[in-house]
Structures are given as structure tokens and as C-alpha cells.
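Numbering (the numbering used here), first residue to last: 182 to 492. Heads up, the beta-carbon is just placed ideally off N, CA and C, and yes, glycines get one too. Note that the structure is a prediction, hence the values are computed from the model and not measured.
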């Protein structure tokens with residue numbers, strides 16, 4: 182991408198989109214297109230095509246999505262599959278119609294089977310049943326991958342699909358009903374500390390293993406791939422390390438300063454037993470994550486305390 186290229190970041194206010202915006206601005210890209218949900222309803226095809234017709238972006242980062250943790254996916258499966266299918270379909274098709282030079286589609290590691298061999302290689306896609314708790318979201322993301330590949334094959338487009346692991350960082354969702362585990366635990370421990378509670382309940386047994394990547398590392402990898410990769414093969418983006426939910430909770434409690442007891446509610450679902458991405462393909466290009474988990478959580482907690490929590 183040239184510094185004056187017209188770049189559209191769909192979902193620029195979200196966790197991923199805002200990180201991509203920060204990275205682009207830091208690298209000197211100034212011709213950035215953004216629209217809020219109120220300004221452009223991405224589930225409306227005619228509105229999306231009007232936008233692309235008027236603005237003619239050269240490059241697109243497709244970070245707009247409906248996302249959430251186990252509770253949100255279980256509670257709103259229809260909304261998760263509808264919103265994600267329509268948003269990505271409208272943007273990918275408009276990018277073809279209006280001759281976008283390159284599009285980067287942000288998928289998710291949940292596209293891989295529930296009991297996938299570890300670490301999860303890109304070729305394991307569609308090799309087994311999905312995790313039931315987030316299947317509608319995963320099916321939508323798989324459809325986006327296949328749509329990008331189909332358009333590349335039939336129309337010669339240059340649409341990339343990247344699969345990030347679990348993400349966290351500034352502008353994350355800290356709502357206890359719809360957030361992912363890491364931001365939910367930050368909020369739970371902070372509120373417990375502030376209110377002087379003696380214990381915090383955590384969903385599940387604490388035994389599942391999860392990999393976490395700071396969203397600024399994802400943004401760096403996305404920009405790297407946009408500038409250096411042009412194939413239909415999907416690419417995993419991760420940190421290369423995982424930890425149990427129990428280890429994660431203990432780390433967050435220590436960073437937040439919560440001194441009470443951690444209570445694991447084994448009646449609640451654990452989700453997939455282990456999710457670690459194989460990132461050897463990305464490493465072969467020379468890219469590696471730079472932000473360690475403890476450092477990243479400390480920075481995210483500081484951002485939460487300064488921007489979200491209201492005593």
C-alpha cells in the first residue's frame with residue numbers, strides 16, 4: 182500500500198479495527214475511510230454498495246463483526262450468524278464490484294474443529310465437527326473464507342483471510358454477559374477488589390487452555406500481510422503460547438491486586454478443551470508477536486481502569 186492509498190477500515194471503533202487504525206496512522210497512512218454504525222449500516226447491501234461507489238477504496242480491512250464469548254454465542258446464535266454473514270458478504274462482494282486492489286478478512290480461530298489436533302494448522306479447516314457453543318459464528322467466518330477464495334479463483338481478486346487467536350487490548354468489550362474471558366476477568370477482579378469482596382466466581386473448571394494475542398500485535402501482523410502476502414491460503418495469527426483459564430485468572434488477579442479466593446463453577450460450560458494455533462507459516466515470513474501476556478494484561482487493565490470503570 183502506498184502512503185496515499187485510500188484505505189477503508191470496516192469496524193474501526195471495535196477492538197480489532199481501532200488497533201488497525203492506530204497502526205496505520207503510526208505508519209503514516211492518512212487517507213483512511215471510516216464510518217460509524219449509524220452512518221453506514223453494513224447489513225444493508227444497497228448502503229454498502231453506495232458507499233463503495235462513492236468512495237472507491239483501494240484497500241479494505243474487514244474487521245467489522247458481531248463478536249462475544251460463550252454466553253453471547255449461546256444466547257444470540259441467530260444474530261451471530263445473520264450479522265456476520267451479511268456484513269462480510271456485502272463488503273466482499275462490493276470490493277469485487279468496485280475493483281478493490283486488496284482485501285484482508287479477519288476470521289477467528291473458532292473455525293477449527295472442537296477436538297482439532299494441536300497446534301491447529303491451517304489445513305485442519307473443515308476436518309471435524311465445530312464447538313457447539315459458537316458454531317453459528319464459526320460457520321459465518323468459514324463462509325467468509327470460502328467466499329474470498331471463490332472470488333479469487335473466479336474473478337482474480339486479491340482477498341486474504343487471516344485467523345487470529347483470542348484477542349484482547351484497548352477498546353475491548355468488558356460487558357460481563359457478552360465479553361470474552363480475559364476482559365470479563367479483568368472487570369470481575371477489579372470490581373471485587375473495589376467492593377472488598379472475598380471471592381470471585383469463574384465459569385468452568387479452569388482447565389481449558391487458551392492462547393491470547395494483544396490486538397496491537399494483530400494489527401501489526403495484518404499490515405505486514407497486507408503488504409507482503411497475496412495468496413488464497415488462510416494464515417493463522419497467534420502468540421505461539423497458551424495457558425489454562427486457571428493460570429490466566431491467577432495472573433489477572435495478581436495484576437489487578439485482588440487478594441480473595443477464586444471459585445470455579447464447573448456447572449458452567451468450558452468450551453473447546455484446547456485452542457493453540459500453529460503459526461509456523463506466519464513465522465516463516467519473519468513475523469512474530471512482541472507483546473508478552475503479562476505486559477499486555479497490565480496495559481489493558483490500566484486502559485480499563487482509566488477509560489471504562491466508573492467508581
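Report task. Determine the burial state of residue 444: buried for a count of at least 16 other Cβ atoms within 10 Å of its Cβ, exposed for fewer. Result -> Within the chain shown, residue 444 is the residue found at index 263, counting from 1. It is exposed - the Cβ of residue 444 has fewer than 16 other Cβ atoms within 10 Å.
Requested in this report: In angstroms with no decimal places, state the Cα-to-Cα distance between residue 449 and residue 235.
Outcome: The sequence position of residue 449 within the chain shown is 268, counting from 1. The sequence position of residue 235 within the chain shown is 54, counting from 1. One C-alpha to the other measures close to 48 Å.
Query raised in the report: At what residue ranges does the region 305 to 374 contain a whole run of the alpha helix (DSSP H), taking only runs of 4 or more?
Result: Counting only runs of 4 or more, we get 316 to 336.
Query raised in the report: Less than 8 Å separating the beta-carbons of residue 240 and residue 197?
Result: Here residue 240 corresponds to residue number 59 of the chain shown, with the count starting at 1. Here residue 197 corresponds to residue number 16 of the chain shown, with the count starting at 1. Not closer than 8 Å, so no.
Query raised in the report: Pairing CB atoms from the region 203 to 215 with CB atoms from the region 260 to 269, are three or more of them under 8 Å?
Result: The region 203 to 215, when compared against the region 260 to 269, does not touch it at the 8 Å Cβ threshold.
**Report entry** Local conformation of residue 381 per DSSP, three classes
**Finding:** Residue numbering aside, residue 381 sits at position 200 when the chain shown is read from its first letter. Looking at residue 381 - three-state DSSP - the assignment turns out to be strand.
Query - Runs of beta strand (DSSP E) wholly within the region 225 to 267 (minimum 3 residues, chain order) - result: Unbroken beta strand (DSSP E) runs of no fewer than 3 residues, entirely contained in the region 225 to 267, are found at 240 to 243, following chain order.
Query raised in the report: In the structure shown, what three-state DSSP assignment does residue 420 receive?
Result: The residue you call residue 420 lines up with position 239 of the chain shown. Residue 420 falls in the coil class under three-state DSSP.
Requested in this report: Might you give, ordered along the chain, the residues of its own chain that have their beta carbon closer than 8 Å to the beta carbon of residue 492, omitting 5 neighbours on each side?
Outcome: Taking the chain shown and counting its residues from 1, the one referred to as residue 492 is at position 311. With a pLDDT of 49 at residue 492, under the threshold of 50, the predicted position of this residue should be treated as unreliable, though the coordinate-derived value follows. Closer than 8 Å at the Cβ level, and outside the excluded window around residue 492, lie 375.
Requested in this report: For residue 341, decide whether its Cβ has a neighbour in chain D, counting only Cβ atoms nearer than 8 Å.
Outcome: Judged by its chain identifiers, the structure shown contains no chain D, having just a single protein chain.
Query raised in the report: Mind checking whether residue 413 and residue 333 have CB atoms under 8 Å apart?
Result: Position 232 of the chain shown holds residue 413. Position 152 of the chain shown holds residue 333. The Cβ atoms of residue 413 and residue 333 lie closer than 8 Å to each other.
Query raised in the report: Among 252, 311, 278, which one has its Cα closest to the Cα of residue 383?
Result: Looking up residue 383 in the chain shown gives position 202. When 252, 311, 278 are compared, the shortest CA-CA separation from residue 383 is found for 252.
Requested in this report: Please go through the same chain and pick out, in chain order, the residues whose beta-carbon is closer than 7 Å to the beta-carbon of residue 486, but skip the five residues on each side of it.
Outcome: Position 305 of the chain shown, counting from 1, holds the residue named residue 486. Closer than 7 Å at the Cβ level, and outside the excluded window around residue 486, lie 371.
Query raised in the report: Between residue 404 and residue 290, is the Cβ-Cβ spacing less than 8 Å?
Result: The residue you call residue 404 lines up with position 223 of the chain shown. The residue you call residue 290 lines up with position 109 of the chain shown. No, the Cβ-Cβ distance between residue 404 and residue 290 is not below 8 Å.
Query - Contacts around residue 305, its chain only, beta-carbon distance under 8 Å, and the 5 residues preceding and following it disregarded - result: Stepping through the chain shown from its first residue, residue 305 is reached at position 124. Here residue 305 has 293, 294, 297, 298 as same chain residues with Cβ atoms under 8 Å from its own Cβ, once five neighbours each way along the sequence are excluded.
Requested in this report: Indicate whether residue 425 and residue 387 have their beta-carbon atoms separated by less than 8 Å.
Outcome: Counted from its first residue, the chain shown places residue 425 at position 244. Counted from its first residue, the chain shown places residue 387 at position 206. Yes, these two residues count as a Cβ contact at 8 Å.
Query raised in the report: Cβ of residue 286 within 8 Å of Cβ of residue 325?
Result: On the chain shown, residue 286 is found 105 positions in, with the first residue counted as 1. On the chain shown, residue 325 is found 144 positions in, with the first residue counted as 1. Yes, they are a contact pair.
**Report entry** Whole-number beta carbon distance between residue 245 and residue 191, since they are thought to touch under 8 Å
**Finding:** Start at 1 with the first residue of the chain shown, and residue 191 comes out as number 10. Start at 1 with the first residue of the chain shown, and residue 245 comes out as number 64. Yes, they are in contact, since the Cβ atoms of residue 191 and residue 245 sit about 4 Å apart, within 8 Å.
**Report entry** Member of 369, 473, 418, 464 whose CA lies at the smallest distance from the CA of residue 441
**Finding:** Numbered from 1 along the chain shown, position 260 holds the residue referred to as residue 441. Comparing C-alpha distances from residue 441 to each of 369, 473, 418, 464 shows the shortest one belongs to 369.
**Report entry** Option in 480, 272, 393 with minimal Cα separation from residue 232
**Finding:** One-based indexing of the chain shown puts residue 232 at position 51. Minimum Cα distance to residue 232 is reached at 272.
Query raised in the report: What separation, rounded to the nearest whole angstrom, lies between the Cα atoms of residue 380 and residue 434?
Result: Translated into the one-based positions of the chain shown, residue 380 becomes position 199. Translated into the one-based positions of the chain shown, residue 434 becomes position 253. The straight-line gap separating the alpha-carbon atoms of residue 380 and residue 434 is approximately 11 Å.
Query - Backbone CA spacing between residue 193 and residue 314 [nearest angstrom] - result: For the purposes of this step, residue 193 is identified with residue 12 of the chain shown, where counting begins at 1. For the purposes of this step, residue 314 is identified with residue 133 of the chain shown, where counting begins at 1. Taking the straight line joining both Cα atoms gives about 27 Å.
Query - Extent of the continuous beta strand (DSSP E) run through residue 408 - result: Indexing the chain shown from 1 puts residue 408 at position 227. For residue 408, there is no enclosing beta strand (DSSP E); the residue is part of the alpha helix (DSSP H) that begins and ends at 396 to 409.
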